[in-house]
Structures are given as structure tokens and as C-alpha cells.
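Chains A, B and C are the protein sequences, given in the same order.
Per my numbering, the very first residue in the first sequence carries number 1; after that it's consecutive.
Per my numbering, the very first residue in the second sequence carries number 1; after that it's consecutive.
Per my numbering, the very first residue in the third sequence carries number 1; after that it's consecutive.
Positions of the beta carbon are idealized from the N, C-alpha and C atoms, including for glycine.
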Amino acid sequence: MKGNWKRFFLVRGAEVAGLALLAAVPLAVTNPFALGLLTLLAIYGILLIGLDVTVGYLGQVNLGHAAFLGIGAYTAGLTVTTLGGGMPIALVLAPALCFILGGLLALPALRLEGPQFALATLSFSALATTIINEWESLTQGAQGLQVPRPPIFGVALDAPDFYWLCLALLALVWMTMRNLLASRWGRAFEALRDSPIATDAMGVGTYRHKVIAFALGSSLGGLAGGLYAFNFQYLQPQSFTYELMVILLLGVVLGGRKSLWGAFVGAAFIVLLPNLLSNRLLFQIFSAIGLTAAVFAAGRGLAKKTTQPFQALAPVVAMGLLVGGSLLVANTEDWRKAIFALMLFSVVVGLPEGIMGFAAQLLTRLFRIAPPSLPAPASLESVLPAWPATGEPLLELKHLKRHFGGVHAVDGISLTVRAGHVHGLIGPNGSGKSTAVNVISGLYAPSGGEVLLHGKALPEGSLFKVAGHGVARTFQNLQLFGELSAIDNVMVALKDVFRVPLPLILLGLADAEEQRARAAALALLDLVGLRDKARARAKDLTYGAQRFLEIARALARKPELLILDEPAAGLAHPDAAELVKIIRRVHDLGVTIILIEHHMDVVSELCDVVTVLDGGKIIAEGPPDTVKRNPKVIEAYLGAVVEEEKAA
Amino acid sequence: MDFSLIAQMVVSGAFMGLVYALIAYGFQLTYATSKSINFGQGELVMVSAFFSLTLTDWGLPYWLMVPGGLLFGAAMGLVVERAAVRLALEQKSEGWILLSIILGLLFFSTAENIWGRDDRPFPTPIPADAFKFLGVDITPLEVSVAVGVLSIMGLIELFKRKTLLGKAFEAVSADRDAAELMGISATRTVMLSYGLSGLVAAVAGILVSPITTVGPTMASALILKAFSVAVVAGLDSGFGVVLVGIFLGALESLASFYLGSGWREAPGLVLLIMALAIRPTGIFGQAAIRKV
Amino acid sequence: MTTDMLRVDNLHAGYGLAEVLTGVNLEVKAGTVVALIGANGAGKTTTMRAISGLLTPRQGRVVVAEKEVQGLPASRIARLGLAHAPEGRRVFGPLSVEDNLLLGAYSALPHFFGFHGRAAAELERVYALFPRLKERRRQLAGTLSGGEQQMLAIGRALMSRPKAMLLDEPSMGLAPVIVQEVFAIIRRLKAEGITLLLVEQFAKSALEVADYAYVMERGRIAVAGTPAELRQDERVLAAYLG
Numbered sequence: 001m002k003g004n005w006k007r008f009f010l011v012r013g014a015e016v017a018g019l020a021l022l023a024a025v026p027l028a029v030t031n032p033f034a035l036g037l038l039t040l041l042a043i044y045g046i047l048l049i050g051l052d053v054t055v056g057y058l059g060q061v062n063l064g065h066a067a068f069l070g071i072g073a074y075t076a077g078l079t080v081t082t083l084g085g086g087m088p089i090a091l092v093l094a095p096a097l098c099f100i101l102g103g104l105l106a107l108p109a110l111r112l113e114g115p116q117f118a119l120a121t122l123s124f125s126a127l128a129t130t131i132i133n134e135w136e137s138l139t140q141g142a143q144g145l146q147v148p149r150p151p152i153f154g155v156a157l158d159a160p161d162f163y164w165l166c167l168a169l170l171a172l173v174w175m176t177m178r179n180l181l182a183s184r185w186g187r188a189f190e191a192l193r194d195s196p197i198a199t200d201a202m203g204v205g206t207y208r209h210k211v212i213a214f215a216l217g218s219s220l221g222g223l224a225g226g227l228y229a230f231n232f233q234y235l236q237p238q239s240f241t242y243e244l245m246v247i248l249l250l251g252v253v254l255g256g257r258k259s260l261w262g263a264f265v266g267a268a269f270i271v272l273l274p275n276l277l278s279n280r281l282l283f284q285i286f287s288a289i290g291l292t293a294a295v296f297a298a299g300r301g302l303a304k305k306t307t308q309p310f311q312a313l314a315p316v317v318a319m320g321l322l323v324g325g326s327l328l329v330a331n332t333e334d335w336r337k338a339i340f341a342l343m344l345f346s347v348v349v350g351l352p353e354g355i356m357g358f359a360a361q362l363l364t365r366l367f368r369i370a371p372p373s374l375p376a377p378a379s380l381e382s383v384l385p386a387w388p389a390t391g392e393p394l395l396e397l398k399h400l401k402r403h404f405g406g407v408h409a410v411d412g413i414s415l416t417v418r419a420g421h422v423h424g425l426i427g428p429n430g431s432g433k434s435t436a437v438n439v440i441s442g443l444y445a446p447s448g449g450e451v452l453l454h455g456k457a458l459p460e461g462s463l464f465k466v467a468g469h470g471v472a473r474t475f476q477n478l479q480l481f482g483e484l485s486a487i488d489n490v491m492v493a494l495k496d497v498f499r500v501p502l503p504l505i506l507l508g509l510a511d512a513e514e515q516r517a518r519a520a521a522l523a524l525l526d527l528v529g530l531r532d533k534a535r536a537r538a539k540d541l542t543y544g545a546q547r548f549l550e551i552a553r554a555l556a557r558k559p560e561l562l563i564l565d566e567p568a569a570g571l572a573h574p575d576a577a578e579l580v581k582i583i584r585r586v587h588d589l590g591v592t593i594i595l596i597e598h599h600m601d602v603v604s605e606l607c608d609v610v611t612v613l614d615g616g617k618i619i620a621e622g623p624p625d626t627v628k629r630n631p632k633v634i635e636a637y638l639g640a641v642v643e644e645e646k647a648a
Numbered sequence: 001m002d003f004s005l006i007a008q009m010v011v012s013g014a015f016m017g018l019v020y021a022l023i024a025y026g027f028q029l030t031y032a033t034s035k036s037i038n039f040g041q042g043e044l045v046m047v048s049a050f051f052s053l054t055l056t057d058w059g060l061p062y063w064l065m066v067p068g069g070l071l072f073g074a075a076m077g078l079v080v081e082r083a084a085v086r087l088a089l090e091q092k093s094e095g096w097i098l099l100s101i102i103l104g105l106l107f108f109s110t111a112e113n114i115w116g117r118d119d120r121p122f123p124t125p126i127p128a129d130a131f132k133f134l135g136v137d138i139t140p141l142e143v144s145v146a147v148g149v150l151s152i153m154g155l156i157e158l159f160k161r162k163t164l165l166g167k168a169f170e171a172v173s174a175d176r177d178a179a180e181l182m183g184i185s186a187t188r189t190v191m192l193s194y195g196l197s198g199l200v201a202a203v204a205g206i207l208v209s210p211i212t213t214v215g216p217t218m219a220s221a222l223i224l225k226a227f228s229v230a231v232v233a234g235l236d237s238g239f240g241v242v243l244v245g246i247f248l249g250a251l252e253s254l255a256s257f258y259l260g261s262g263w264r265e266a267p268g269l270v271l272l273i274m275a276l277a278i279r280p281t282g283i284f285g286q287a288a289i290r291k292v
Numbered sequence: 001m002t003t004d005m006l007r008v009d010n011l012h013a014g015y016g017l018a019e020v021l022t023g024v025n026l027e028v029k030a031g032t033v034v035a036l037i038g039a040n041g042a043g044k045t046t047t048m049r050a051i052s053g054l055l056t057p058r059q060g061r062v063v064v065a066e067k068e069v070q071g072l073p074a075s076r077i078a079r080l081g082l083a084h085a086p087e088g089r090r091v092f093g094p095l096s097v098e099d100n101l102l103l104g105a106y107s108a109l110p111h112f113f114g115f116h117g118r119a120a121a122e123l124e125r126v127y128a129l130f131p132r133l134k135e136r137r138r139q140l141a142g143t144l145s146g147g148e149q150q151m152l153a154i155g156r157a158l159m160s161r162p163k164a165m166l167l168d169e170p171s172m173g174l175a176p177v178i179v180q181e182v183f184a185i186i187r188r189l190k191a192e193g194i195t196l197l198l199v200e201q202f203a204k205s206a207l208e209v210a211d212y213a214y215v216m217e218r219g220r221i222a223v224a225g226t227p228a229e230l231r232q233d234e235r236v237l238a239a240y241l242g
């Protein structure tokens, strides 16, 4: 427990100390310029924390955040000027409207990935600017909108008061977002980024989470916009365009994605940037430091062969241009955009994890901060329900078909999987095994036929819905959440544990539940022999461990039926032997298993019944030993005996 | 409402729409080989136009200036591929979106400082005096835009269909690994696609500059509409972009007349968001099958 | 004297963290057909991909016609004389049959104009082998039947007159009649003196055409020998059905 206290003290202590320091500044410093910068820092802090939700946690390039800042600002401004509301109302309305608009934009846009998503947000922000500009009767258009700063509850806010208000809101946002991101919601956001398919298959609604994450991020943009309006007291449509968007992205990426501190550092950078550019000497020093860092990193990376030549040298070239420019160019202010571009380029290529990503690793090592300790694992019986191995039909396929164009991948399969059995599904390459389980688990909708569980039809064509019916699966090509730790992978999938509603989570009242979830997840990791690897990132595990982790994660769904799609593929001998033991343990718990497998020794050892597919049809079924001697099966595997041989 | 006025606007808008279609066609070229597009393509249009203007200032005649501008555009396309796209594609990340935006910003700032922030006229030997065709005013400049757009697209399509290198280009688009097995370098083909895409951007810049004038921001509105056309038609739609481009050009021309010129951009943006919501693969695009 | 046209020493390769090949050794002498057989998931296709450069080997050597090629991009290895007709046929669906064949000879032809004339002889040779492809020369490859696509994939690989050829699972997903046809073609190529490494799931058919064969199991060669020897060997059946 000592490690826990040290961690708590250092991590929370840094936050409290930082906040106290910032709050104390107006007591000592009366310079209005400095105070203005600090106010802006708090506002941009909120803004970037919001942007980090989509860019960092969802991993999407979001080009619409500047527009939400503008929408928030105008909403707050108009609430005060046109509706005659007070500041509190304005600061509620601005994020609320952005939450709704963000949700509406996310509904279509988040079905897209990559460039299409970026384009949708880009269009949205251009559209928002157009509307603010052209709806002159409401927004005064290009003329600009004067916004007074109304008193709160009769108290007029002077500059330090307003700064404290912004800082208090930043602290509030910081706390609630920290609680949210450490909860099942934060895990779901990250899981989505790493594998949307697995997130669906683990019964976490991909789409719903994405939309809420985006709406939430946008609402923070709106809140920052409200504060922005009362800070500057004058709004112009041109303030919220593409260039600001690029600067905001620079802030997030430079500070470090997926990190509250990163957003804060990024905000500080953005706020200081104009001053940095206007002071030539400062700029020269800064760019020289940048170049030195780039050269040092490049040398190290090349010597250790951890980075490619391009990745190492491109930042050096970019920073070199920056240094050259700082010496040669007459007015650095004119080259503002090029300077942003060069800095952003260096960071994206050379330091993808950002300053805080880098610093966090360094500090963790420096202070030897241990990760928070884990609870004792729960008993397996309390985690997994006992299913009776009755031998009754559990899953029935009736004339199941799935066609792709003219290819009949699954061509009329009927079979029954009995409760408590390990049912093998084998067949040569392309015989339709994987397609069959993809149809059962809902990845594909069937082209014909039925899938019945306990005699009732399973939902069709939705991994998410099928996952809700006690069917869990693993994937032939691993679909782990690579950036998440092993225990988090399991916790994402954990069923029937999380009940605390979102508002309480935001208030940080989900600790007990989280602890219970950790204990349950540890029990499952223990089952597959990964308890001591609980804190390791999934992508850092060995290949065999990754395979086992997928099984533990699927078990977190507390499934009645578990589908294992080639679990032994690519496993070395000792791991394959371990796998057999794990599957047997799972089976002993009463879970019914469908096992697709090429390795016949594994199949023979585990399966009660084996169904053999060829060309999308069933060619044999029975106990493994009988099936192996079936001439049709031998022919499917080894090929027909050709005429010449018969003649010979 | 006067019918001939509407017809006039539809026709003028349609000519502009062809320019959007041409830039969108440039997106298709790179999307085919690498599933990536240059988010800074607008800046490529702009710097190529400025460079061509400089060539004219040096006294080069129009017909020598054009190939010079095109070569410059192609070279810039290669720069984008090397600096922004290749690494991200090797790492299978979407970093190229951000990096190509960044590179666009760098081009923008450099152009601002080299050529100034003001809009400048772009000299052309093609007259701007309108003639009547079926009761609609058409200028030779507009005709040159149509001829230029359709001929460059036609030439590139001919290249893809009639030369072996072009067929190799199609092969990489269809199946990158199989193309490698034929001895076709996929990396070089992606470079080729970015070079062609840059060339196409230069053509668009040279064609549109006499109409819009040349300035650092000349392409910022243009590019949004090219994005719309590419997405609405589908990033693998081939000549579908021409139809959508003409439609969008006409539509925005009408919108700017009836709603005011500030609303010009709105139809394209709304169309893009709607298209993504209803049919993300575009009107003429093909749907993909989800795989695990 | 027969030389090794293709030799693989201690080849290691895999995907991500998965180590699929753990030291594969094999050789194909000039003018011989060598079969690589084994159960699904044993690493046959991975071996082929690691040889032709679609997958970069982690360790070991690949020698094609006396040149070490491991680590080179696939397009370079192809230009050095190794043709690979991949698993799943992988024809260029949106291109015509003839364009597919022309691309097979890509590195030997002029890239802009006049390539048709230069390729005429090779085209005729392939069309003589596969008359059906000649009938369908203008058709898009994606619209061919599975068997025709397999013929096209083989024909495309032959167009470059390769020093050695890899043929991966030519029978996959084809009807039995067509499979026989494919093997008839392979026998014909063998008679013409091709150097071929054949991966095949249908062990019996493969052993009939091969001069020598390797049986793979879990990422390495388990048994090697002449077809006559292997037919007697129980380990071959065991490799498939446990």
C-alpha cells in the first residue's frame, strides 16, 4: 500500500500544487497582460481537453473543434445580449448547444473513418463559419458582436475574479474528465480506437460511445467558447477558422495525446506562442533548443536503430529550417504559419507521443512511481455463472447460408451444438468455417437460414446484439485493444458489474465498483495464467499471451457459448499445450465451446463432436476419431485419387 | 423568374464546377493507389498558379509557361508524397491527414511571403469577351476551362488504359501485393500518383486563375468544394466527379444568387455532410465488405 | 549438372509477434517440380510469401539463381527472375485478361508504347497453353470463373519466362474437374522443363507431379523425400489428420 500513497501523493499533489500556484498568481502579479495570458491559458486548457477526447482517445482527426469554440462563444454572447440572460445561464447554454450539435454531427460522421471523418468535420466548421458570418440579423456578421460581462449574482467580476472563475471551471473539467476517462467510459473510448469490431463483439455499443465522446468533447469546446466570449467581450467570425483549428491540433499533439497534463502544456504553448514569435531573441533560443533536441534524438534513434532514417532526419531538417529562418527572416510574425507548420511537422514525425507522453515516462522512472496495486482476485465461481452441461441443444443452425456475390461461402449448413460440449469445426482452407462463425456471432447477416439459441432466433448481422445473448468469441486475427493493459482489456468486456450511472462517475463515485471489476478481471486473467501480466499493455505481450488474453476477455462476457476461431494459429508447442489446458478449464466450468482449429491434435484432444465442412457444406460429423477415418474427409484434405494411380 | 437568367447562372456555375471536378479527380488518383489524399491540395493549386505567374513575369510566353507550371505542380506533389504520406502509410497510421494539412500550411505561408498577400491578375492570351450561345453568354475563357479540364482528364485516362505504365498503375490500385509480384514497385506507383495529382492541381490553378485572380487564399474555397465533389461522387468513381462537379457548380451559382454571395459555399458543405450520412461510399462509389 | 535455382536456408518469418516459420530449409533444382505439402496453418503460404518478398524474413537466406534476395522488395525479386502465382489467384479484376498477362511481363517490356509487339511471342505461348484465355482476352479478369482465374494467374506468372516459379494452392476452392485440369497443365509445364515450387493442400495430387517433396508441420520441414518414399510414410497422413 505504500506505493499507492506515494503515487497518490505525487500525482494528485502535482495537480493541487499546480492549481494553487496558478490561483495565487493574481495576488502577487497585477500586470493585466500576464493575467490575460493566464485567463486564456485556463480557457484553452478546457478547449484542448475537449479536443483530446476525439483526437487522443477516439484517435480521429477532428477539424471541427474551432467551430464549436465559435458556436459556444456566440451562444453565450447572444444569450446575454439578445435573450438578456446572465452569465451562469450563458455558460450552461453554450456547452449544452454544442453537446447537441456535436451529437448531431457525430451521428452520421462517426460511422466514417479516417479521411471521410476529417472531411465531415472540416465541412461542418466551414458551414458554421458561413452561418455565423451571414446570419447578420442575429450575429452582426463580419461587423462583430459586443458582449458585456454581466455580474454574477449581483457581483461584478473584475479581471482576477474572472480568471479565478475560468480556473475553477478548468479544475472542475479536469476532475470530471479524469473520473470519466478512468472509468469504463474512458476504457471504451480507447478500445474503440484500437478495434471497433472487438468493441462491438464485447457488447460495448461502439456507435453510442463514439457519439457521446464526440458530443462531450464538443460541449467542452462550447464551454471554452462561452468563457472566450466573456473574456474578450468582442466576437468576430474570422476568429474561429481553419488556422485556429491547426493551432489547436498543434497544441494537443505537441502537449501529448490522451493526457490532461498534455492538454494543459499544449494550451500553455499556444498562449505563449504569439509572444514567442514577437521576440526574436527568445524565438532564436527556442528554435535552437528544438534543433538540439531533434539532433540528439535523431542520433540516438539512428545509433540504436529504433527509428527509420526519415523519421530521425525529417525533424532535424524542419528544425534546421526554423533556426535558419530565425536568423535570416526580417519579420518572424509574417512567417507565423510556416513556423507552426515546421514545429508541428517535427512533433508529429519525431515525437508522436508529445511532450507529456515523453515526460510522463521520464518522471515515472525518475520517481519510481509504481502503478496502483491491484486487489486480490475474486473467486472464479463468483465471476462466472455455472452452466449446467445438460447435453440439450444449445445452438442450432438450420440451412444456414451466406453468399458473397457468386461465392457460396456457407451453403446450407444445419448442425446442433449441445450444452456442455466442445464442438469442433474443421475443414480445408476456404471451406466456410470462419464465415459460419462470423454469421453466428453477427459480423455478417445470413443470406438464408436460421440461427437458434435455446430454440429462439439470435439477432442477425449485429455483433453487439448477439453479444447481449450470452455468445462470446475470439478472433482468428487478434483483435485486442493494443494500447490498453491486459486487465483493462478484460474490464472493457466485463458484464453485469458496472451499474453506476454517468453523473456519479463524473463525480468520482465509482471506486468501489471499479475495485470489484478489477478483482473479477484478475480472476479471469489468473485462469489463463496472465495474472502477473495484468498491467502490461496488450500489444507488449508475447503472441501466445495475446491469444490467451483474448480468451480471458471473451470469458468476461460470462458467455454460455464461447466461439474460439483458430486459437492455436501461430502458437509454438509449449503455448499450444497450455492452450489445451486453458480450454479444458473453461470447459470444466460448464461453458459450451465451438472450436475452429487446424491442428488436428488439439481438436482430437478436446472435442466431443467434430463437424467437417468442405465447400460451404457439411461432409461429415461425429467423434474426432471416426471423422478422421472417414474417406470423404481424407479426400477433402488430401485430394482425390487421380486415374493414373488407379491404373498403376 | 426570368428563365434565361437562371440558365445563364447554371451554365457559368457549371464551368466552375468542372474545376472542382478536376481537383477531385486529383484526389481519386492518389486514393486509388494509396487510399490517401492530400489535404493541402488547395495550396498546391495556389503555389502552382503563383509559380506560373512568375514564369510569365520572367517573360515566358503562355505556351511555355504552361508546361513549366505543370512540372512544378508535379514536383510539389512528389514533395507531399515523400514528406507527408510515405512514412504514415508504412506505419499504417492516419498521420498523413495531419501531415498533409501541415505541409499545406507551410506552402501557404511561404507563398504569402514570397508573392505577397494581395490578389493579382493572371495574364492569358484567351479573350474574356462573351459570345452568345443558345441565348446564354459564354466567354472563351470558360470554354478554355472546359477544354482544359476534359482534355487533361482524358489524357490521363488514355495513359492509364493505353500504356503499360498506366496499366501498372491500375494494377497497384486493384491489388498492391499482386502488382509487386509482377515486378511493379508499389512505392514508385504511389509516387507517380502523387506526381500526377500535383500536375492536375497545377492545371486547375492555371485554368482558374484568369477568372479568379491569383492570391494565397484563391484555393481555400475551391478545395472545400473539390472535397465535396470527391466525396459525393465517391473517391473511386472515375468520371462521376464530372457530373457531380457540374451539378454542384450550378447549384452554388443559384444559391449565391438567391441567398446572397456569402452562402456560395453552403450547398457543397451540406451536400458533403448529407452524402457521408446517407451513402459514405459516394453516389458512384462501391461498398466494401467488413473483414476480420 | 543441375544447380539449385532456388534455395532457402534457415528461414524465419512471421506476422507481428507471431513467429510462423521457425527455420525452413529447402531447395529446388533447375528443371524440377518440388511440392511443399502439409496441413492448413503449417506455414506453407508464409514460406512462399517470405521467399518472394511479400513478407520480409526475420532471419535466414533466400537464394534465387545464385543471388541472395532476402530483404529486397518483392518487385525487385520478381525482376531477378522469380515468379509467384499467389494463393487466392489475385488476378487484377478491373483489367482485361490480356492486360493481366502483359503485366506479367512488366519488367521485360517497354513501359509506354510498343509493348504489345514485344510481348506477342510470349502471349502466343501462353494462349497456346490456355486456349480459353485467348477466347476471353478482352474480358475483365474479375468476371472469369474461378478455374479460368487460376489459369490466368499461372499464365501471368509464365509471361516473364521466370527462372523459378512459386505456385501457391492452385486447387483452392475449385471443382474437382477443374482441379484435374490444373494438374494436367502443371504436368505439361513440367515436360517443358519449368522449375517449380508447388504448394498444395491436396497431397496426393501434388505427389504425383512432383520430383521431390517437403512436408511442413508447425513452421518447419518435418519430412522430405521423393514421392515414392513419402507415399509409404505414415507421418504424411499424420501431418494432416493428427
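Interface flag, C:Tyr15 vs chain B, CB-CB below 7 angstroms = Within the third sequence, numbered from 1, the residue matching residue 15 of chain C stands at position 15. By this cut-off, C:Tyr15 is not an interface position.
Identify, in the order they occur along the chain, each residue of the same chain with its Cβ nearer than 6 angstroms to the Cβ of C:Leu54, setting aside the five sequence neighbours on each side.
-> If you number the third sequence from 1, residue 54 of chain C lands on position 54. For C:Leu54, where only same-chain residues beyond five positions count, the Cβ hits under 6 angstroms are Ala74.
If we count the other Cβ atoms within 10 Å of its Cβ and call it buried at 16 or more, is A:Pro196 buried or exposed?
-> Counting from 1 along the first sequence, the entry for residue 196 of chain A is found at position 196. Answer is buried; the Cβ neighbour count reaches 16.
Of the residues that make up the stretch 60–74 of chain C, which ones have a beta carbon closer than 8 angstroms to any beta carbon in chain B?
-> Within the stretch 60–74 of chain C, contact with chain B at the beta-carbon level (separation under 8 angstroms) is assigned to Pro73 and Ala74.
Cα separation between B:Ser34 and B:Ala7?
-> For the purposes of this step, residue 34 of chain B is identified with residue 34 of the second sequence, where counting begins at 1. For the purposes of this step, residue 7 of chain B is identified with residue 7 of the second sequence, where counting begins at 1. C-alpha separation (whole angstroms): 40 angstroms.
Same chain, Cβ closer than 7 angstroms to A:Arg336, five either side skipped, listed in chain order = For the purposes of this step, residue 336 of chain A is taken as the residue at position 336 of the first sequence. So the list reads Leu277, once near-sequence residues are dropped.
Nearest neighbour of A:Leu415, chosen from A:Val609, A:Gly18, A:Val633 and A:Thr176 [CA to CA] = In the first sequence, counting from the first residue as 1, residue 415 of chain A sits at position 415. Of A:Val609, A:Gly18, A:Val633 and A:Thr176, the residue nearest in Cα terms is A:Val609.
Below 7 angstroms CB to CB, which residues in the same chain sit around C:Phe115 once its five sequence neighbours on both sides are set aside?
-> Along the third sequence, one-based indexing puts residue 115 of chain C at 115. Once the five neighbours on either side are set aside, the close Cβ partners of C:Phe115 are Leu102 and Leu109.
Would you say A:His598 reaches chain C, if we count a Cβ-Cβ gap shorter than 7 angstroms as a contact?
-> Counting from 1 along the first sequence, the entry for residue 598 of chain A is found at position 598. So, interface residue.
Given a threshold of 16 other Cβ atoms within 10 Å of its Cβ, counted over all protein chains shown, does A:Gly186 qualify as buried or as exposed?
-> For this step, residue 186 of chain A is matched to residue 186 along the first sequence. When all chains shown are included, A:Gly186 counts as buried.
For the beta strand (DSSP E) that A:Phe404 lies in, which residues bound it at each end?
-> In the first sequence, counting from the first residue as 1, residue 404 of chain A sits at position 404. Bounds of the beta strand (DSSP E) holding A:Phe404 are Pro393 to Phe404.
Using 7 angstroms as the limit for Cβ to Cβ distance, is C:Leu198 near chain B?
-> Counting from 1 along the third sequence, the entry for residue 198 of chain C is found at position 198. No, C:Leu198 does not count as interfacial toward chain B.
Chain A within 7 angstroms of C:Ala331, Cβ atoms only | The shown model of chain C, from 1 to 242, leaves out residue 331 of chain C, and the question about it has no answer.
Would you give the residue range spanned by the alpha helix (DSSP H) that C:Asn100 belongs to?
-> Numbered from 1 along the third sequence, position 100 holds the residue referred to as residue 100 of chain C. Counting along the chain, the alpha helix (DSSP H) containing C:Asn100 begins and ends at Val97 to Gly104.
Listed in chain order, which residues of the stretch 80–104 of chain C have Cβ atoms closer than 7 angstroms to some Cβ of chain B?
-> Answer set for the stretch 80–104 of chain C: His84, Pro86, Arg90, Phe92, Gly93, Pro94, Leu95, Asp99, Leu102, Leu103 and Gly104.
Smallest Cα separation from A:Arg547: which of A:Glu605, A:Gln479 and A:Ala293?
-> Locating residue 547 of chain A in the first sequence gives position 547, where the first residue counts as 1. Answer by Cα proximity: A:Gln479.
How would you list, in chain order, the residues of chain B whose beta-carbon sits under 8 angstroms from the beta-carbon of A:Ala576?
-> Along the first sequence, one-based indexing puts residue 576 of chain A at 576. Listed along chain B is no residue with a C-beta nearer than 8 angstroms to that of A:Ala576; the closest approach is about 22 angstroms.
Sorted by chain position, which residues of the same chain lie with C-beta nearer than 8 angstroms to A:Val55's C-beta, five sequence neighbours on each side aside?
-> Numbered from 1 along the first sequence, position 55 holds the residue referred to as residue 55 of chain A. Here the set comprises Val61, Asn62, Leu249, Val252, Val253 and Arg257.
Identify which residue in A:Leu91, A:Leu122 and A:Ala94 has its Cα closest to the Cα of A:Ala106.
-> Numbered from its first residue, the first sequence carries residue 106 of chain A at position 106. Ranking the options by Cα distance to A:Ala106, first place goes to A:Leu122.
Residues that B:Val270 contacts on chain A, provided the C-beta gap is smaller than 9 angstroms = Position 270 of the second sequence, counting from 1, holds the residue named residue 270 of chain B. By Cβ distance, chain A contributes Ser123 and Leu127.
Boundaries of the alpha helix (DSSP H) in which A:Asp161 is found, first to last residue = Here residue 161 of chain A is taken as the residue at index 161 of the first sequence, counted from 1. Ala159 to Leu181 is the extent of the alpha helix (DSSP H) around A:Asp161.
Would you mind reading off the limits of the beta strand (DSSP E) that contains A:Ser414?
-> Here the question's residue 414 of chain A lines up with position 414 in the first sequence. Where A:Ser414 is concerned, the enclosing beta strand (DSSP E) stretches over Val407 to Arg418.
So with Cβ pairs under 7 angstroms, would you call A:Lys646 a contact of chain C?
-> Within the first sequence, residue 646 of chain A is the residue found at index 646, counting from 1. Residue confidence is low: A:Lys646 scores 37 on pLDDT, short of 50, so the model does not pin down where it sits. No coordinate-derived value is stated.
Whose C-beta lies closer than 6 angstroms to the C-beta of B:Ser237 among residues of the same chain, with five residues either side of it excluded?
-> Mapped onto the second sequence, residue 237 of chain B falls at position 237. Same-chain partners within the cutoff: Gly282, Phe284 and Gly285.
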